[in-house]
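Taken in order, the sequence shown gives residues 13 to 256; the numbers are from our numbering.
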Amino acid sequence: LRGHTWSERISDHVALTDDASGILYLKMSIDVVAKTSEDSARVSEVFKHQASLIEDGDGLVDCRSYASGDVVMIDGILSGLVVSQVESTAISLLVSIFVLFLLTRRLGQSLVVILPVGLAGAWVVGSMAMLGLNWNVLTIMITALTIGLGIDYSIHVWRRFEKNRSSGMGVWDSMREMYATTGTALLMSAGTTICGFMVLMLSPIPVISDFGIVSSIAVAFSLILSLMVLPVLLAAEVRTSNGP
């Protein structure tokens, strides 16, 4: 109980009806510290369970119990953000596939170009689990961000490869020329982007620092997969389409 006088302390936690014949509401305060999203989820679940016990098992008549507070509110926000993350990721993938289909006019090649991007998103989520990084209001958007960054790299690689092929180059000559031109440019571009995100790691705020780490990992994975996996998939797609 907090306050300077007894009446102030009571008024913070108990409110009576206008005629003072009954209790309008009764507030119980419990101070807890939740350092991670998992802690917030556990504390919120315990509070909600205890509120249901008060409502169902203590014999109170016409009583409603609610769990509230910062921890419960943060848990609710993160739960909603997880749903939003799944929806935004799915929408990003569908829109990317549609745009690629408009560019390539071939569904198979569109899926080939988007596959490394999807793998990059999965790798980022796995890396967060391995490094013990928690989901927060910033890192929750990382999968959609990975798709946005990775699709650019993949399109650059695919366009250069297709341009070389249309000029009469063979598969491997097209790939070597792509690495010498577009690959070098992407390497420098991704390097500057990673350095920019890594600056956020110097922030004393853990949420921003974690976002800097995750974003740097996302850019690195997008670059690696677009330069190492996508060319192999494109070469395999050409061989499948044209035969051995």
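Glycine is no exception: its CB is placed at the ideal position from the N, C-alpha and C atoms.
- Message: Quick check on the burial criterion: 16 or more other C-beta atoms within 10 angstroms. Buried or exposed for Tyr165?
- Response: buried
- Can you have a look at Trp184 and say buried or exposed, based on whether 16 or more other CB atoms are within 10 angstroms of its CB? exposed
- Any chance the stretch 114-134 sits against the stretch 156-173, with 3 or more Cβ pairs inside 8 Å? yes
- Query: If you drop the 5 nearest sequence neighbours on each side, which residues of the same chain put their C-beta closer than 6 Å to that of Arg177?
  - Reply: Ser186
- Helix, strand or coil at Val26 according to DSSP, with G and I counted as helix: strand
- Task: Compare the Cα-Cα distances from Gly133 to each of Met142, Thr158, Leu112, Leu145 and report the closest residue.
- Result: Thr158
- Message: For Gly160 and Gly144, I'd like the C-alpha separation in whole angstroms.
- Response: 24 Å
- Item | Continuous alpha helix (DSSP H) stretch holding Arg171: start and end | 154-178
- Task: Please report the residue range of the alpha helix (DSSP H) in which Met200 lies.
- Result: 196-210
- In whole angstroms, what separates the C-alpha of Met213 from that of Gly203? 16 Å
- Query: Is the stretch 193-211 touching the stretch 232-250 in the sense that three or more CB pairs, one from each, lie closer than 8 Å?
  - Reply: yes
- Message: So, under 8 Å CB-CB, Leu101 and Thr155 are touching, yes? Tell me the CB distance rounded to an integer number of Å.
- Response: The residue asked about is misnamed: residue 101 is Thr in this sequence, not Leu. Yes, Thr101 and Thr155 are in contact; Cβ-Cβ is about 4 Å, under 8 Å.
- Message: On the CB-based measure, 16 or more other CB atoms within 10 Å of its CB, does Val83 come out buried or exposed?
- Response: buried
- Selection from Ile109, Met140, Arg54 that minimises the alpha carbon distance to Met85: Arg54
- Leu112 and Ser104 closer than 8 Å at C-beta: no
- Message: Once the 5 residues before and after Phe223 are set aside, which same chain residues still bring their CB inside 7 Å of it?
- Response: Leu150, Thr151, Leu212
- Would you call Thr194 buried or exposed, if buried means 16 or more other Cβ atoms sit within 10 Å of its Cβ? buried
- Message: Would Gly138 and Ser238 be called neighbours here (beta carbons separated by less than 8 Å)?
- Response: no
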